[in-house]
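Quick notes on the structure that follows.
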Amino acid sequence: MALPTAFHEPHEYFEECLKLFEEYQHLYIFPNTDLIVKQVLENISVQGLEHVDVFDESFDLSKNICNDYLRNFFLKTRRLKIRYSEFQEQNLQFFIDAPLSLKKKHEITYLSEEIDVVCKMTGCETVVDFGAGLGYLDQQIFKSSNFKVLGLECNENNYVNAKKRQRKYHFDSLENVKYIKHTITEHSNNEILKFIRDKFHSEQFCICGLHACADLTVDAINLFLKMEHARAIVIMPCCYHKISQNDDGMFKNFPLSNCLKRTYKSYIANINIPFLRLAAQPPNKSDVKMEDLVFSLLARATLQKYAYEHNIILRRKKRKAVRFKTKQRDFNTYVKDAVESGFSFIFNEESERNTPDLDELSLLWQQHSLITFKKAAIFIVLQNNLQQIFENFILYDRLLYLKENGITNCEFKRIVNEKLSPRCFALIAKK
Numbered sequence: 001m002a003l004p005t006a007f008h009e010p011h012e013y014f015e016e017c018l019k020l021f022e023e024y025q026h027l028y029i030f031p032n033t034d035l036i037v038k039q040v041l042e043n044i045s046v047q048g049l050e051h052v053d054v055f056d057e058s059f060d061l062s063k064n065i066c067n068d069y070l071r072n073f074f075l076k077t078r079r080l081k082i083r084y085s086e087f088q089e090q091n092l093q094f095f096i097d098a099p100l101s102l103k104k105k106h107e108i109t110y111l112s113e114e115i116d117v118v119c120k121m122t123g124c125e126t127v128v129d130f131g132a133g134l135g136y137l138d139q140q141i142f143k144s145s146n147f148k149v150l151g152l153e154c155n156e157n158n159y160v161n162a163k164k165r166q167r168k169y170h171f172d173s174l175e176n177v178k179y180i181k182h183t184i185t186e187h188s189n190n191e192i193l194k195f196i197r198d199k200f201h202s203e204q205f206c207i208c209g210l211h212a213c214a215d216l217t218v219d220a221i222n223l224f225l226k227m228e229h230a231r232a233i234v235i236m237p238c239c240y241h242k243i244s245q246n247d248d249g250m251f252k253n254f255p256l257s258n259c260l261k262r263t264y265k266s267y268i269a270n271i272n273i274p275f276l277r278l279a280a281q282p283p284n285k286s287d288v289k290m291e292d293l294v295f296s297l298l299a300r301a302t303l304q305k306y307a308y309e310h311n312i313i314l315r316r317k318k319r320k321a322v323r324f325k326t327k328q329r330d331f332n333t334y335v336k337d338a339v340e341s342g343f344s345f346i347f348n349e350e351s352e353r354n355t356p357d358l359d360e361l362s363l364l365w366q367q368h369s370l371i372t373f374k375k376a377a378i379f380i381v382l383q384n385n386l387q388q389i390f391e392n393f394i395l396y397d398r399l400l401y402l403k404e405n406g407i408t409n410c411e412f413k414r415i416v417n418e419k420l421s422p423r424c425f426a427l428i429a430k431k
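Each residue of the sequence shown is one higher than the last, beginning at 1 in full-length UniProt numbering.
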């Protein structure tokens, strides 16, 4: 997260970003589920699609279609991209015996290592974990570096289970790893200092967090700035789309920097929840076929179209409402799974039906032309190009906010393998 090489001043970068967002807001302004309802694909102006195979694995959209719309898009986005430092693989040991995914183990191991390095550089005696969960990171920090760790967790079940796990599996850490149930806000400074002094009789500390969701990263930044004894911060942000909004619809914690706040007023770029959601969206994996991505996009958008036309509210019953293995690009199978276990279809009280009409849904699907499928593929590629720009825009604003407040030793660093963990950047700042 840095200033692209094409720019010398932050305001120049922000201005060009906002111009791009204005021009191409049709690619992100609506949730992807509304792709058909809002006729988003009509705004993608590409001629001659009937003569190209966008689903060919060797197809390169930036090179294989000669079109002003695409040429201008790739020209403008290229200037706004940056080259990130490569992830450095190390031979690190994971010390916790727990049934965790490879991704989670990888994140905990490498974040713990980064915390160890930063704490030794800044003379921190204690690590304060914002959002400790079940305490896996805290135990890894203790076992790999022997620092004292204070885990703060707002969820009662997580807090209770972290203490149970500690007594059962990590008895040797009882004096050095402490858990406290506490909801962190930007005003938690006095409580945190009291917790540290009461539990460890120490003062110099480092703030850390793995996947600090929504406002938690910004609260951590503000506490780091406010608290004299907070000497460092190593935190991995995520879920930008969950940042809280004020009554006027503006985000509470975005923009942060004075520079972006001033620049933003001069533009009408729509920075909304779908914008933040795209910034947090994992880039498409290279081993996933474009046909599968397009099917998932259009199948869900077709459900939304049906719901919109019949005044139905769709609610997911689970995080992954329809698993790909259950659909295999067959829309009827997709709908069956969606109706039976994926979604709740909440009908209007005046409706004569209480279950969706599968025949009508099938007819809606059949109305999609081959050009619609090809435009959906182009839409996915263009969004994938915007994702990196959106995320850098958000995180560079946070970096600039730190610098405006006197913290010059700060950076976003790729500390984990992005193929395992797409949210691979950690904010690292030192006083």
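Ideal Cβ placement from N, Cα and C applies to all residues, glycine included.
- Considering only Leu276, Gln387 and Val381, the residue with the shortest C-alpha distance to Lys63 is Val381.
- In the structure shown, the three-state DSSP call for Tyr396 is helix.
- Relative to the Cα of Asp219, the nearest Cα in the group Ser202, Ser344, Asp247 and Lys252 belongs to Lys252.
- In this structure, Leu150 sits near Ile180, with a CB-CB distance shorter than 9 Å.
- Secondary structure at Ala269: coil, using DSSP grouped into helix, strand and coil.
- Inter-residue distance for Ile378 and Phe59 is about 11 Å (C-alpha atoms, whole angstroms).
- With fewer than 16 neighbouring CB atoms inside 10 Å of its own CB, Asp56 falls in the exposed class.
- Closest in alpha carbon position to Val40, among Gln47, Pro31 and Gly48, is Pro31.
- Using a Cβ-Cβ distance cut-off of 8 Å, the segment 272-280 and the segment 387-395 are in contact, since at least three pairs of beta carbons, one from each stretch, lie closer than that value.
- In the pairwise beta carbon analysis, the segment 119-129 is classified as not touching the segment 72-81: fewer than three pairs are separated by under 8 Å.
- Apart from sequence neighbours up to five positions away, the residues of its chain that approach Ser202 with a beta-carbon distance below 8 Å are Glu125, Thr126, Lys148 and Ile196, ordered along the chain.
- For His8, there is no enclosing alpha helix (DSSP H), as DSSP gives it neither H nor E.
- If the five residues before and after Ala2 are omitted, its C-beta is found closer than 6 Å to the C-beta atoms of Ile82, all from its own chain and listed in chain order.
- In the three-state reduction of the DSSP assignment, Pro283 falls in the coil class.
- Excluding its 5 nearest sequence neighbours in each direction, Tyr401 has C-beta neighbours in its own chain below 6 Å: Leu256 and Ser257, listed in chain order.
- Thr263 is positioned such that its CB atom lies closer than 9 Å to that of Glu15.
- With respect to the 9 Å criterion, Ala299 and Val335 are classified as neighbours on the basis of their beta carbons.
- For the set Val416, Leu420 and Gln366, the Cα lying nearest the Cα of Tyr84 is the one of Val416.
- Residue environment for Met290: buried (at least 16 other C-beta atoms within 10 angstroms of its C-beta).
- Collapsing the DSSP output to three states places Asp97 in coil.
- In this model, Ser341 and Phe7 are separated by some 50 Å (Cα to Cα).
- The closest CA to that of Glu404, considering only Tyr306, Leu297, Val339 and Ile221, is found on Ile221.
- In this structure, DSSP gives Pro31 a state outside helix and strand, which the three-state scheme calls coil.
- For Arg231, the uninterrupted beta strand (DSSP E) segment begins and ends at Ala230 to Cys238.
- One Cα belongs to Arg329, the other to Asp172, and the distance between them is close to 52 Å.
- Taking 9 Å as the cut-off, the Cβ atoms of Leu152 and Glu186 do not count as close.
- In the three-state reduction of the DSSP assignment, Thr126 falls in the strand class, which pools E and B.
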